[in-house]
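For the sequence shown, position 378 matches number 378 in full-length UniProt numbering, and the numbering has no gaps at all.
Okay, so here's the structure we're looking at.
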Amino acid sequence: MEHRYASKRGCMDFLMHMVAIDSWLSGSRGQVYMQPAKLDADAPGNLISYGRESYYKPDPLPPSQDLALDDDFYETLADATFWLGKLSGVSLELDFPPVLYTSLLRKEAMESAEIEGADVDYDALYSLETRTFDEGRDEPSETTAAAETKDTREVLNYETAVKEGIDALDAGEELNVELLHDLHETLLTGVPDDRVDTDTIGDYKTNPNYLGDFLPPAPGAVEDLMDGLFTYYRTGGSYHPLVDIALFHYQFETIHPYGDGNGRLGRLLITLQLYDADLLERPNLYLSEYLNRNKTTYVERMEGVRFHGEWEAWLSFFIEGIARQAHESVERTRALADLRREYEHEYGGKAYTKNQLAVTLFEQPYITSKTVQRLFDIEQSTASRAINELVNEGILEEVPRHGRNKEYRAREIFEILEQPPQTY
């Protein structure tokens, strides 16, 4: 491809493209508006005049052209379905403490926030929860909450929104526009002003939002486009459920219906749709890890659909991500289960505080001395002794947290949670 950018104009096009990608990924309003003056004949949309510019209006789903899906694609689709089935089976088979599933959900929330440019401190999330527990509260106090970072708030909001969506589906509610508005409000509530690029929370945008060189549909076009998208979803789509989820995600991100938070909400919807289609037993698939490691391709594949009608490349990329991350989640879940069995064999069935604490780490993997005192109703000296013994045995490790009481985390549990993908 080197010859493509040999000229000065070619180099400028390439630089503008990279600026657009960076702006799109950060979720900010771009400063470069170089949307093409015309689209390819196969592009599934039109450019609509909007003042001195034109916005992109996507055609409704399903695609009007026949999808040329080859044997390789269907093999990947079969792999994705297989590993999702394995993941659901493992989820039903294992008697896991809720904290471990929450930890996998948290991984998805963190990866999604990082795609948007957040700098997430994994330990800060658990530290906030532990300090809240130590204070005997269900929610952080004002003092405790003041210490959290803006990026921590975004991650916790994402977790809450996923749980709200799952609860709504379990209660028989439909995945619809009303639920979408509620989830959008949850995602952005309490996030500092410098991280929110809209005054409209819990409702569609009222001002245009640029994505680098791409101008999504104008505010006045959003409602009809979203109604059409959910009509397609409610009628069951036209393809395999995973293909329809991929089509939905493309369409949602192209409409970009909200002033801010579209990326986070769009990725969250993938989890809810998998759950709604009975393809996921618990919200423990963290697709954002795959998307985060393939950011440029993620954007380019959607651009390829918008401007050139390259549906097949987008679908292959998306389905491959589902297959890889389902496999990854199965292996990570099994690793946690194996470690839990090791701890139960080594420490279970004994009344010593050290032993009780070791087994309890799968429900409370991040602790302080006060945490242990509250868990087992013991004196501070007994709690500290149990912690120190587990530190010496390599089960716990101290986490440096300046200006606070000593905090510890379950070393081997966090190694599994934080390790990079092992299956690809």
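Even for Gly, the Cβ is constructed at its ideal location relative to N, Cα and C.
Computed from a predicted structure; not experimentally measured.
From residue i to residue j, what does the alpha carbon distance come to, in whole angstroms?
{"i": "Arg385", "j": "Asp138", "result": "28 Å"}
{"i": "Ser381", "j": "Thr353", "result": "11 Å"}
{"i": "Ala221", "j": "Asn157", "result": "28 Å"}
{"i": "Thr333", "j": "Val305", "result": "35 Å"}
{"i": "Glu412", "j": "Glu253", "result": "38 Å"}
{"i": "His181", "j": "Pro257", "result": "10 Å"}
{"i": "Arg264", "j": "Phe318", "result": "16 Å"}
{"i": "Pro60", "j": "Gly228", "result": "7 Å"}
{"i": "Ala171", "j": "Glu281", "result": "15 Å"}
{"i": "Val399", "j": "Glu328", "result": "27 Å"}
{"i": "Pro283", "j": "Gly51", "result": "43 Å"}
{"i": "Asn405", "j": "Pro420", "result": "30 Å"}
{"i": "Arg234", "j": "Ala118", "result": "33 Å"}
{"i": "Asp338", "j": "Glu114", "result": "29 Å"}
{"i": "Gly266", "j": "Leu361", "result": "33 Å"}
{"i": "Ser316", "j": "Glu75", "result": "10 Å"}
{"i": "Arg409", "j": "Arg301", "result": "40 Å"}
{"i": "Gly394", "j": "Ala383", "result": "17 Å"}
{"i": "Asp70", "j": "Leu242", "result": "16 Å"}
{"i": "Tyr343", "j": "Leu92", "result": "21 Å"}
{"i": "Gln251", "j": "His345", "result": "50 Å"}
Does the beta-carbon distance from residue i to residue j come in below 9 Å?
{"i": "Glu331", "j": "Gln422", "result": "yes"}
{"i": "Leu336", "j": "Leu357", "result": "no"}
{"i": "Asn209", "j": "Asn176", "result": "no"}
{"i": "Trp83", "j": "Ile245", "result": "no"}
{"i": "residue 429", "j": "Thr368", "result": "This structure leaves residue 429 out entirely; the chain is present only between 1 and 424."}
{"i": "Gly165", "j": "Leu274", "result": "no"}
{"i": "Thr186", "j": "Gly259", "result": "no"}
{"i": "Pro58", "j": "Ile255", "result": "yes"}
{"i": "residue 483", "j": "Tyr56", "result": "Absent from the structure is residue 483, since the part of the chain shown begins at 1 and ends at 424."}
{"i": "Tyr366", "j": "Asp123", "result": "yes"}
{"i": "Tyr232", "j": "Pro63", "result": "no"}
{"i": "Phe414", "j": "Asp40", "result": "no"}
{"i": "Thr206", "j": "Pro219", "result": "yes"}
{"i": "Ser88", "j": "Leu279", "result": "yes"}
Nearest CA to the CA of residue i: which residue from the options?
{"i": "Gly212", "options": "Glu312, Glu303, Asn292 and Arg131", "result": "Glu303"}
{"i": "Glu116", "options": "Lys57, Tyr50, Glu164 and Lys295", "result": "Lys295"}
{"i": "Arg293", "options": "Asp121, Leu92, Met110 and Leu39", "result": "Met110"}
{"i": "Ser288", "options": "Lys38, Asp95, Ser88 and Leu104", "result": "Leu104"}
{"i": "Ile416", "options": "Trp314, Tyr408 and Arg340", "result": "Arg340"}
{"i": "Arg131", "options": "Glu223, Arg401, Ala410 and Tyr286", "result": "Arg401"}
{"i": "Gln325", "options": "Pro219, Tyr286 and Asn355", "result": "Tyr286"}
{"i": "His240", "options": "Lys57, Ala80 and Glu114", "result": "Ala80"}
{"i": "Thr189", "options": "Leu47, Val90 and Ala161", "result": "Ala161"}
{"i": "Ala313", "options": "Ala68, Leu272 and Gln251", "result": "Ala68"}
{"i": "Gln65", "options": "Tyr250, Tyr290, Asp123 and Trp311", "result": "Trp311"}
{"i": "Val372", "options": "Glu93, Leu396 and His184", "result": "Leu396"}
{"i": "Glu407", "options": "Glu342, Phe376, Val359 and Lys370", "result": "Lys370"}
{"i": "Ala277", "options": "Gly85, Asp42, Glu108 and Tyr74", "result": "Gly85"}
{"i": "Thr102", "options": "Gly349, Leu225 and Glu129", "result": "Glu129"}
{"i": "Arg153", "options": "Leu169, Leu179, Ser112 and Gly136", "result": "Ser112"}
{"i": "His184", "options": "Met226, Asp167 and Gly202", "result": "Gly202"}
{"i": "Leu272", "options": "Tyr232, Glu174 and Met226", "result": "Glu174"}
{"i": "Asn388", "options": "Asn355, Arg374, Glu363 and Asp42", "result": "Asn355"}
{"i": "Tyr126", "options": "Tyr424, Glu363, Tyr343 and Gly394", "result": "Glu363"}
{"i": "Pro217", "options": "Asp42, Ser49 and Phe230", "result": "Ser49"}
Residue i by DSSP, collapsed to three states: which one?
{"i": "Glu320", "result": "helix"}
{"i": "Ala277", "result": "coil"}
{"i": "Leu396", "result": "strand"}
{"i": "Ala335", "result": "helix"}
{"i": "Thr200", "result": "coil"}
{"i": "Ile367", "result": "strand"}
{"i": "Leu58", "result": "Residue identity check: residue 58 is Pro in the sequence provided, not Leu. Residue state, collapsed to three classes: strand."}
{"i": "Glu53", "result": "strand"}
{"i": "Ser410", "result": "Looking at the sequence shown, residue 410 is not Ser but Ala. Residue state, collapsed to three classes: strand."}
{"i": "Asn209", "result": "coil"}
{"i": "Asn405", "result": "coil"}
{"i": "Gly165", "result": "helix"}
{"i": "Gly263", "result": "helix"}
{"i": "Asn284", "result": "coil"}
{"i": "Leu215", "result": "coil"}
{"i": "Ser28", "result": "Confidence at Ser28 is low in this model, with a pLDDT of 40, below 50, so the placement of that residue is unreliable and no value is reported for it."}
May I ask which residues mark the beginning and end of the alpha helix (DSSP H) holding residue i?
{"i": "Thr130", "result": "Tyr122 to Asp134"}
{"i": "Arg234", "result": "Pro219 to Arg234"}
{"i": "His184", "result": "Val177 to Leu188"}
{"i": "Tyr250", "result": "Pro241 to Ile255"}
{"i": "Asn355", "result": "Thr353 to Thr360"}
Which two residues bound the contiguous beta strand (DSSP E) that contains residue i?
{"i": "Ala80", "result": "Where Ala80 is concerned, there is no enclosing beta strand (DSSP E), although the alpha helix (DSSP H) it sits in stretches over Asp71 to Glu93."}
{"i": "Ser64", "result": "Looking at the DSSP string, Ser64 is not in any beta strand (DSSP E), and its letter there is neither H nor E."}
{"i": "Arg306", "result": "Per DSSP, Arg306 belongs to no beta strand (DSSP E); it is in the alpha helix (DSSP H), Lys295 to His308."}
Got a sec: is the Cβ-Cβ distance from residue i to anything in chain D below 9 Å?
{"i": "Ala118", "result": "Of the protein chains in this structure there is only one, and it is not chain D."}
Hey, would you say the C-beta of residue i is under 8 Å away from at least one heavy atom of the ligand GDP?
{"i": "His240", "result": "Only the bare structure without any ligand can be found here, which leaves the ligand GDP out of the picture."}
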